[in-house]
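Numbering (the UniProt record's numbering), first residue to last: 1 to 352.
Below, the structure is given as structure tokens:
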């Protein structure tokens, strides 16, 4: 048998092998940074930094609030390093993900009923984290929402994109905690002040001043505004509903064989629209995770049909005068690199 790729080193762990994305062309002037699991990067960076500073040892329990991929990233790193982990989530966590977390040794604590109704999902989870911390003798909380190491960890992605592409003109990012968009955006903007940063959110999320409400598109948006999110970096914001994102996710797979999750589909949909409007520009976007968690939902026609998601997405967004007007399947607002307070203050005199 012939031996190939002898110059490549073996990865020391699955974390080492999956922490950075692959850059793939998905249109004449559109490129996607496709991650196996994007939140693995900040999980590894934050925990490794805490070990190096002595904040985290094998006798310390990691405690974090998450119902998504950051928890999976923490579970993978903690399992390989032999560190106990408690994750606080809510009923929206998918059963396959919960089983995988528990198989990796994490204890999953779910916030239910009265706590959710009285405090809201995010605050109820944070309250539960505080109670668990109080019971533990030694704990460490990565704090993805307010830990500056979250955005800093994405400097490695910014370097990879520059090595792969040289320069490009626009970056389209799905926004949840704000770590990836703020981290990559700030690194690249320092080198190219003209870079356009486009954020992708979803109705019901309060990140960019839209009204709070239920979110059927998990992994995108947030019920609170994380301190790590740097609003003045953004040039424009798009809000896509679940149906539009799901359809775009299926199209990404059908046209490019990229089997990704719905936040990737949402970002791809906006990136393609932006690239068509600006054919002279090179557009980069982020695909945060693969689609295996969604095999029975987003990637299942029967599930889409039963839940009313088999609809044609609009050709383009409606442009808003203010984020308080967010409605429908796809909206857009020119953010113009302002703070959230500056934009929210513009609501006076705007008809909602």
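From the three backbone atoms N, C-alpha and C, an ideal C-beta is built for every residue, glycine too.
Touching by the beta-carbon criterion (3+ pairs, under 8 Å), the region 29-46 and the region 104-118: no
Cβ-Cβ separation, residue 72 to residue 400 (assumed contact under 8 Å), whole Å: As displayed, the chain neither begins before 1 nor continues past 352, which places residue 400 out of reach and without an answer.
Within the region 81-109, ranges of the beta strand (DSSP E) (whole runs, at least 3 residues): 85-89
Whole-number beta carbon distance between residue 267 and residue 281, since they are thought to touch under 8 Å: Not really, about 16 Å apart at Cβ, beyond 8 Å.
Cβ-Cβ separation, residue 248 to residue 265 (assumed contact under 8 Å), whole Å: 4 Å
Among 156, 219, 342, 246, the one whose alpha carbon lies nearest that of residue 303: 246
Where the alpha helix (DSSP H) containing residue 273 begins and where it ends: 262-277
Beta-carbon contacts of residue 5 that lie in its chain and below 7 Å, excluding the five residues immediately before and after: Its pLDDT being 42, under 50, residue 5 is placed unreliably by the model, and nothing is read from it.
Closest by C-alpha distance to residue 68, when choosing among 327, 289, 300: 289
Boundaries of the alpha helix (DSSP H) in which residue 246 is found, first to last residue: Taken as a continuous stretch (DSSP letters only), the alpha helix (DSSP H) holding residue 246 covers 242-256.
Distance between residue 104 and residue 81 (C-alpha atoms, nearest Å): 11 Å
Residue 203 vs residue 239 beta-carbon contact at 7 Å: yes
Proximity of residue 228 and residue 185 at Cβ, strictly below 7 Å: No, the pair does not count as a contact, with Cβ atoms beyond the cut-off.
Own chain partners of residue 144 with C-beta closer than 6 Å, once the 5 adjacent residues on each side are dropped: 70, 150, 177
Reduced DSSP category for residue 238 - H, G, I as helix; E, B as strand; rest coil: Reduced to three states, the DSSP call for residue 238 is strand.
Whole-angstrom distance between residue 39 and residue 57, CA atom to CA atom: 22 Å
Helix, strand or coil at residue 64 [DSSP, three-state]: strand
Supposed close pair residue 262, residue 217 - CB separation, criterion 8 Å: 6 Å
Residue 136 vs residue 171 beta-carbon contact at 7 Å: no
In DSSP terms, what residue 24 is bridged to: 32
Reduced DSSP category for residue 334 - H, G, I as helix; E, B as strand; rest coil: Look at residue 334 here: in three-state DSSP terms it is strand.
Residue 172: first and last residue of the uninterrupted beta strand (DSSP E) it sits in: Looking at the DSSP string, the run of the beta strand (DSSP E) that includes residue 172 is 170-174.
Member of 307, 201, 17, 168 whose CA lies at the smallest distance from the CA of residue 194: 168
Reduced DSSP secondary structure (H/G/I, E/B, other) of residue 212: Strand, per DSSP.
DSSP three-state assignment for residue 290, whether helix, strand or coil: strand
Separation of residue 213 from residue 352, as counted between CA atoms: Note that residue 352 scores 46 on pLDDT, short of 50, meaning its location in the model is unreliable; the coordinates nonetheless yield the value given after this. Straight-line Cα distance between these residues: approximately 16 Å.
Pairwise C-alpha distance: residue 174 and residue 199: 6 Å
Whole-angstrom distance between residue 116 and residue 52, CA atom to CA atom: 36 Å
Where residue 6 falls: helix, strand or coil (DSSP): With a pLDDT of only 44 at residue 6, under 50, the local geometry of the prediction cannot be trusted, and no value is derived from it.
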